[in-house]
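In full-length UniProt numbering, the protein residues as written are 1 to 308. The C-beta atom is built at its ideal place from N, Cα and C for all residues, glycine as well. Have a look at the structure below before the remarks.
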Amino acid sequence: MRISSSTLYQSGVNNMSNLQAQLVQLNMQIDNQKRVVTPADDPVAAARIQLLNTSSGQNDQYKTNTQSVQSWLSLSDTTLNSAVNLMNAMKSQAIHAGDGSLSTTQLQAIQQTVKEGISELTGYANATDGNGSYLFSGNQVSTAPFSVNLGSATPVTYNGDNGQRSVQISASRVMTISDPGNAVFGTPGGSGTGAFDSLINLYNLLGQNPKPANYTAQLSSITNQITDASQQMTTSLASIGAREQENANLQSMSTSLNLQYNTSIGDLQNLDMAQAISNFTMTQTSLQYTQKTYAQVSQLSLFNYISG
Numbered sequence: 001m002r003i004s005s006s007t008l009y010q011s012g013v014n015n016m017s018n019l020q021a022q023l024v025q026l027n028m029q030i031d032n033q034k035r036v037v038t039p040a041d042d043p044v045a046a047a048r049i050q051l052l053n054t055s056s057g058q059n060d061q062y063k064t065n066t067q068s069v070q071s072w073l074s075l076s077d078t079t080l081n082s083a084v085n086l087m088n089a090m091k092s093q094a095i096h097a098g099d100g101s102l103s104t105t106q107l108q109a110i111q112q113t114v115k116e117g118i119s120e121l122t123g124y125a126n127a128t129d130g131n132g133s134y135l136f137s138g139n140q141v142s143t144a145p146f147s148v149n150l151g152s153a154t155p156v157t158y159n160g161d162n163g164q165r166s167v168q169i170s171a172s173r174v175m176t177i178s179d180p181g182n183a184v185f186g187t188p189g190g191s192g193t194g195a196f197d198s199l200i201n202l203y204n205l206l207g208q209n210p211k212p213a214n215y216t217a218q219l220s221s222i223t224n225q226i227t228d229a230s231q232q233m234t235t236s237l238a239s240i241g242a243r244e245q246e247n248a249n250l251q252s253m254s255t256s257l258n259l260q261y262n263t264s265i266g267d268l269q270n271l272d273m274a275q276a277i278s279n280f281t282m283t284q285t286s287l288q289y290t291q292k293t294y295a296q297v298s299q300l301s302l303f304n305y306i307s308g
C-alpha cells in the first residue's frame, strides 16, 4: 500500500500536536500540583470535585452557624445560671426575714439587699451578646426587654415580644437559639415578669413599718413566688443546655464531614508529582524524537533518489 507524502506529513504534524498538548497538560498539572486543572483533564472527576466543593462550602457555612449558636447559647446559659443563683439567694433572704426576732433596722437591711438583687436581676435579664443584641427580648433584639422602676405604679414592664430566633445549623436542622424574656423570667401560667414581681413584692413588704398583721402569710406567699420563678428559670436553663449539647454534636459531625470532603477531593485531585515529572520527561523526549524524525522525512522525495 502506497502512503502519500501529504499523509506522512500530516501524521507527523498530528503526533507533534498531540505530544505538545500532553506536555502543556502535564506542565499545568505540575505547576498547579493538581491532577485535574481543567474539566478536560478528567470530566468525571471534575464534576465530582465540583459537587464535593459545593457540599463542603455548605458544610463550612453550617459550621460557622453552629459557632454563632454556641456563642449565643453559652452567653444565655451563663447569664441565666447566674440569675437562678441570685433567685436562690433572694429566697434565703425571704426565709431569713421570717425570723420574728429581727428588728426594723435589720429588716430594712434585708430590704436593701433585695433592692440590689432586683438591680442585679435586671442586669441579667437585659444582658446582650456583646454586639448590642439583647438575649431575652425575643425578636426585638435592639430593645432592652425589661424596664424596672420601683417608684412607678407599674414597677416592671416587659418590652420584648414572644418571638424566638432560629438558625440553620445543618441541612435538616433549624435550631431555636433565643427564648423570650417573658417566658424565662415569668412564672408558669402567670405573669411574664414573675421573677421581678416576686422580688418587688418582697421589697415592698420589708419596707412596711410596722409590719402588717398578715406579714407571715404574705412572706410565705412571696417565698413560693420566688420558688416558682426559680423553677421556670431552671426549666429554661435545661432547655438551653440540651440545645448546647445538640449543637456541640453537630459541630463535631461538621468537622468529620469536612475531613471526609477534603479526603475525597484529595483522592480525585492530588497529583503524584514523581509520576507526573516522569511522564513529562518521557513525553518531552518523545516530542524531540518525533520532531527530528519529521524533519528528516519532510526532506525526502523521489527527486533526492534520482539525483543521487
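inquiry  = Let's test the definition: count the other Cβ atoms within 10 Å of the Cβ of arginine 243 and tell me whether it reaches 16, buried, or not, exposed.
reply    = buried
query = What three-state label does DSSP hand serine 220 in the structure shown?
reply = helix
task = Could you please give the first and the last residue of the uninterrupted beta strand (DSSP E) stretch that includes arginine 173?
result = Note, arginine 173: beta strand (DSSP E), 173-176.
key: Nearest to glycine 189 (by Cα), restricted to the options Ala153, Ala171, Asp228 and Asn201   = Asp228
query = Mind checking whether glutamine 111 and tyrosine 215 have CB atoms under 8 angstroms apart?
reply = Their beta carbons are not under 8 angstroms apart, which means glutamine 111 does not touch tyrosine 215 by this criterion.
ask   = Once you ignore the five residues that flank leucine 206 on each side, which residues in its own chain have a CB closer than 8 angstroms to its CB?
value = Ala97, Leu107, Gln108, Ile110, Gln111 and Val114
query = Would you call the CB atoms of isoleucine 169 and threonine 255 closer than 8 angstroms?
reply = no
message = Shorter than 7 angstroms, the distance from the beta carbon of glutamine 251 to the closest heavy atom of the ligand ADP, or not?
response = Looking for the ligand ADP in the displayed structure turns up nothing, as the structure carries no ligands at all.
key: Beta-carbon proximity list for aspartate 179, same chain, < 8 angstroms, skipping 5 on both sides   = The residues are Ser76, Phe136, Gln164, Ser236, Ser239 and Ile240.
message = Please report the distance separating the alpha-carbon of valine 84 from that of threonine 176.
response = 21 angstroms
ask   = For threonine 104, does the count of other Cβ atoms within 10 angstroms reach 16, so buried, or fall short, so exposed?
value = Exposed, by the Cβ-count rule.
inquiry  = Using a Cβ-Cβ cutoff of less than 8 angstroms, which residues in the same chain neighbour isoleucine 265 once the five nearest sequence positions on both sides are dropped?
reply    = Ile49, Leu52, Asn53 and Ser56
inquiry  = What does the Cβ neighbour count give for threonine 78, buried or exposed, with the cut at 16 atoms within 10 Å?
reply    = By the 10 Å Cβ count, threonine 78 comes out exposed.
For valine 36 and leucine 268, believed in contact at Cβ under 8 angstroms, the rounded distance = With 8 angstroms as the limit, leucine 268 and valine 36 qualify as a contact, their Cβ atoms being about 7 angstroms apart.
query = Considering only residues of the same chain and omitting the five flanking positions on each side of asparagine 139, which have a CB-CB separation below 6 angstroms?
reply = The beta carbon of asparagine 139 lies closer than 6 angstroms to those of Asp161 and Gly163 in the same chain, with the five residues before and after it left out.
Where serine 74 sits in the DSSP three-state scheme = Correct three-state label for serine 74: helix.
request  = Figure out for me which residue from Ser152, Gly151, Asp129 and Leu150 has the closest Cα to the Cα of alanine 144.
outcome  = Asp129
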